[in-house]
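J.:
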Amino acid sequence: MKNVIISAIVLSLVNIGCIEKRQDKSINEINNKRMEKKDKEQIEKLLMAYKESLNTSDVGKAVNSYTTDGVFMPSGAPTANGTEAITGAYEFVFSQIQLNIEFFIEEIVIENNLAYALTTSKGTTLIHATGDTVPEENRELFVFERENGKWKIARYMFNKMK
């Protein structure tokens, strides 16, 4: 009888331990989902600020969206590596055109301190040399990195959809 009681107590303790582990796992999953939601919101905010920098031709704001070792890979133009090269690239782009676009976020995936977003953009481009306004439509790939606690663009590439 003593062995039966001891066995019952041991099984009860094991069961309680399993329940506590499941509860801990559930709490961790809830916390992870909250953090991921917060991170996604920060990345969405960064994308909207970056879009605004494009629409206002704000070189400083565009460059500030990048990590210090960021890479900008524009369609049909050389790759710009690092803050100095990215600054020069945006100075050139904004001297040639004025964008008026909207971003449409299709996907954001986060893994620890890295994330990526797939987006499309649509709007118009004013070409300064001719005064013509033409349609603008692109698809974009952003890779983000958390730098000093803030999400920044680590890599950015886009190409024309049409």
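So the sequence shown is numbered by this note's numbering: it starts at 7 and just counts up by one.
Each residue gets a CB set at the ideal place from its N, CA and C atoms; glycine is no exception.
Model, not experiment: these values are computed from the prediction.
Which first and last residues belong to the alpha helix (DSSP H) in which residue 70 is found?
T.: Its alpha helix (DSSP H) spans residues 65-70.
J.: Would you tell me roughly how many angstroms separate the C-alpha atoms of residue 141 and residue 110, rounded to the nearest one?
T.: Using only the alpha carbons, I get a separation of about 16 Å.
J.: Return the chain-ordered list of same chain residues with a C-beta closer than 6 Å to the C-beta of residue 126, the five sequence neighbours on each side being excluded.
T.: Closer than 6 Å at Cβ, skipping near neighbours: 110, 145.
J.: Could you spell out where the alpha helix (DSSP H) holding residue 89 opens and where it closes?
T.: Residues 88-102.
J.: For residue 102, which residues of its own chain have a beta-carbon under 8 Å away from its beta-carbon, when the five flanking residues on both sides are left out?
T.: Here the set comprises 133, 134, 135.
J.: Taking DSSP as the reference, what is the three-state secondary structure of residue 79?
T.: Residue 79: strand per DSSP, three-state reduction.
J.: On the criterion of 16 or more Cβ atoms from any shown chain inside 10 Å, does residue 43 qualify as buried, or is it exposed?
T.: Residue 43 should be labelled exposed.
J.: Can you check the segment 119-161 for any beta strand (DSSP E) of at least 3 residues that lies completely inside it and give the ranges in chain order?
T.: The segment 119-161 contains these whole beta strand (DSSP E) runs: 120-133, 139-153.
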